[in-house]
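Counting in my numbering, the sequence shown tops out at residue 366, every number present. C-beta: ideal position from N, C-alpha, C; glycine also. Everything numeric in this text was worked out from a predicted model, so none of it was measured. Inspection log for the structure reproduced underneath, given as structure tokens.
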Amino acid sequence: MKNIKRILAVVLACLFVAGLTACHKKGEIAVKVGDKEFTSGYYACALYFADGEARQKVYDQVSEEGGDTSNIDYFSRQIDGKSYVDWVKEEAIKDIKKAAASKIYCEKAGIELDESAKNSAVSYAESYWSYYSETFTKNGFSKETLTAFLTDQSYNDLYFDHIYGAEGEKAVTEEQLKAHLSENLLIADIIEADFTDLEEEQITEKTEQLNGYLNDLNSGKRTFEEINAEYNGTDDEAEDTAEETADEDGTEASGPADSLAKLIGKPDTDYAGTYSDYFEEILAMQTGEVKIIDKPDNAGKLLVVKKDILEDPYYLSTYDETFRHSIADEDFDKDVEDYANTLYFESIAYAVNRFDVKKIYHG
Numbered sequence: 004m005k006n007i008k009r010i011l012a013v014v015l016a017c018l019f020v021a022g023l024t025a026c027h028k029k030g031e032i033a034v035k036v037g038d039k040e041f042t043s044g045y046y047a048c049a050l051y052f053a054d055g056e057a058r059q060k061v062y063d064q065v066s067e068e069g070g071d072t073s074n075i076d077y078f079s080r081q082i083d084g085k086s087y088v089d090w091v092k093e094e095a096i097k098d099i100k101k102a103a104a105s106k107i108y109c110e111k112a113g114i115e116l117d118e119s120a121k122n123s124a125v126s127y128a129e130s131y132w133s134y135y136s137e138t139f140t141k142n143g144f145s146k147e148t149l150t151a152f153l154t155d156q157s158y159n160d161l162y163f164d165h166i167y168g169a170e171g172e173k174a175v176t177e178e179q180l181k182a183h184l185s186e187n188l189l190i191a192d193i194i195e196a197d198f199t200d201l202e203e204e205q206i207t208e209k210t211e212q213l214n215g216y217l218n219d220l221n222s223g224k225r226t227f228e229e230i231n232a233e234y235n236g237t238d239d240e241a242e243d244t245a246e247e248t249a250d251e252d253g254t255e256a257s258g259p260a261d262s263l264a265k266l267i268g269k270p271d272t273d274y275a276g277t278y279s280d281y282f283e284e285i286l287a288m289q290t291g292e293v294k295i296i297d298k299p300d301n302a303g304k305l306l307v308v309k310k311d312i313l314e315d316p317y318y319l320s321t322y323d324e325t326f327r328h329s330i331a332d333e334d335f336d337k338d339v340e341d342y343a344n345t346l347y348f349e350s351i352a353y354a355v356n357r358f359d360v361k362k363i364y365h366g
């Protein structure tokens, strides 16, 4: 699932440059890896997604340089010291070799995709084909090829799980996962007072209100749930959330123990989001500590109650797969590359060279 989502993110990120790839015979073989054969359509599909990834990399480069991202000359750029075109072509072949290596490894290990993984690949292919069929068709690959390509991404995940999963021979340990979780995410109960458009008198009232809440929390006079309900004018949100997430048999569905807690990600990571600017300050707080944090430019204040994310198994369970990949993906990619390099490889020149990276159609 992880690899499918990464691949399909390319579709949404890069739909803006026109062109046209060459036609090819149906079923024409373009690449052979081990005992696996990949058609020209499959190569075109891999090339399309590699190009999308390249465009995102270049876009990020230009953004970091403070350049104009509205009219980027992609083909004048280099990625990892290679020309744009060469990088895309090499990445497409690398993805195909990775797919073949993963399938061959899984076959030899006697492990197969479960029905859920197969159905997910089909579902994603159906969904994206309904929106982007014209784009995909003009780039030389069919819905069947897209389905096969996405299914192969699931083999990558299966291979990964067999090596680095909880029962794998190089399993990422629970201690490693907990450390990664603590370094990148935290939870806290937060009440936010926004001072935008308030007069000085109103700001003073809001500040006094938060100070009163802080004293009540520190003295144990009131709980955060009570204060939150009063401040936000809501009913018992915790009970409402529990009711909404209850199963048909009346038992509460899996969810965080504290339904009011805000999940806060470390800045400059994939987990960054609301309140990330305050991540380091909240991280430095003690569990259970209550603090009022000033927002920049007198824009408001936050009443924060620091919680321990490791005390709630929900978060470790929810982010297990994500963090397992964050920790081990680099090693896994090296494992797959090393294994792929032991396999027979052949690229059929006439079938591969007819595709021009500069003419890839993005709609």
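Any C-beta of chain D sitting closer than 8 angstroms to the C-beta of residue i?
{"i": "Glu-349", "result": "Included in the structure is just one protein chain, with no chain D present."}
In the structure shown, what three-state DSSP assignment does residue i receive?
{"i": "Lys-35", "result": "strand"}
{"i": "Leu-266", "result": "strand"}
{"i": "Ala-352", "result": "helix"}
{"i": "Asp-359", "result": "coil"}
{"i": "Asp-271", "result": "coil"}
{"i": "Lys-294", "result": "strand"}
{"i": "Glu-195", "result": "strand"}
{"i": "Asp-252", "result": "Summary for Asp-252: the model assigns pLDDT 41, below 50, so the residue's position carries little reliability, and this model does not support an answer."}
{"i": "Glu-172", "result": "coil"}
{"i": "Thr-42", "result": "strand"}
Within a Cβ cutoff of 7 angstroms, which residues of the same chain sit near residue i, ignoring the five residues on either side of it in sequence?
{"i": "Glu-242", "result": "For Glu-242, the predicted model reports a pLDDT of 46, less than 50, meaning its position is unreliable; a value from the coordinates is still stated below. There are no such residues."}
{"i": "Asp-323", "result": "Leu-180"}
{"i": "Glu-172", "result": "Ile-166"}
{"i": "Thr-150", "result": "Ala-124, Val-125, Ala-128"}
{"i": "Glu-31", "result": "Thr-42, Ser-43, Ala-354"}
Would you kindly report the start and end of the unbroken beta strand (DSSP E) that includes residue i?
{"i": "Val-308", "result": "303-309"}
Sorted by chain position, which residues of the same chain lie with C-beta nearer than 6 angstroms to residue i's C-beta, five sequence neighbours on each side aside?
{"i": "Ala-3", "result": "Nothing about residue 3 can be reported from this structure: the residues present for the chain run from 4 to 366 only."}
{"i": "Tyr-45", "result": "Thr-148"}
{"i": "Ile-99", "result": "Val-34, Phe-41, Ala-49"}
{"i": "Lys-230", "result": "Looking at the sequence itself, residue 230 is Ile, so the reference to Lys does not match. Taken in chain order, the residues that qualify are Tyr-216."}
Note the first and the last residue of the continuous alpha helix (DSSP H) segment covering residue i.
{"i": "Ile-285", "result": "282-286"}
{"i": "Ala-331", "result": "323-343"}
{"i": "His-183", "result": "177-187"}
{"i": "Asn-142", "result": "Where Asn-142 is concerned, there is no enclosing alpha helix (DSSP H), given that its DSSP letter is neither H nor E."}
For residue i, tell me which candidate among the options has the shortest Cα-Cα distance.
{"i": "Tyr-158", "options": "Ile-351, Asn-142, Lys-106", "result": "Lys-106"}
{"i": "Ser-119", "options": "Lys-39, Glu-283, Leu-161, Gln-64", "result": "Leu-161"}
{"i": "Glu-333", "options": "Val-360, Phe-163, Asn-235, Asp-83", "result": "Phe-163"}
{"i": "Glu-283", "options": "Asn-221, Lys-309, Asp-273", "result": "Lys-309"}
{"i": "Ile-312", "options": "Phe-326, Ile-267, Glu-110", "result": "Ile-267"}
{"i": "Ser-86", "options": "Gly-366, Val-360, His-365, Tyr-364", "result": "Val-360"}
{"i": "Ala-264", "options": "Ser-257, Asp-315, Lys-224, Leu-217", "result": "Asp-315"}
{"i": "Thr-290", "options": "Gly-84, Lys-362, Ser-185, Tyr-131", "result": "Ser-185"}
{"i": "Lys-92", "options": "Val-36, Thr-140, Ala-57, Thr-138", "result": "Ala-57"}
Can you find the residues in the same chain that come closer than 8 angstroms, C-beta to C-beta, to residue i, ignoring five residues on each side of it along the sequence?
{"i": "Ala-196", "result": "Lys-209, Thr-210, Gln-212, Leu-213, Gly-303, Lys-304, Leu-305, Leu-306"}
{"i": "Leu-377", "result": "Residue 377 falls outside the range modelled here, since the chain spans only 4 to 366, and no answer is possible."}
{"i": "Val-61", "result": "Ile-75, Tyr-77, Arg-80, Ile-82, Tyr-87"}
{"i": "Tyr-281", "result": "Ile-267, Ile-296, Leu-305, Val-307"}
What do you reckon, is the C-beta of residue i under 7 angstroms from a heavy atom of the ligand FAD?
{"i": "Tyr-167", "result": "Of the ligands one can find in the structure shown there are none, so the ligand FAD has no counterpart to examine."}
Ignoring anything shorter than 4 residues or poking outside the region 66-130, list the alpha helix (DSSP H) runs there in chain order.
-> 87-112
Residue ranges of each alpha helix (DSSP H) within the region 199-234, 4 or longer | 203-222
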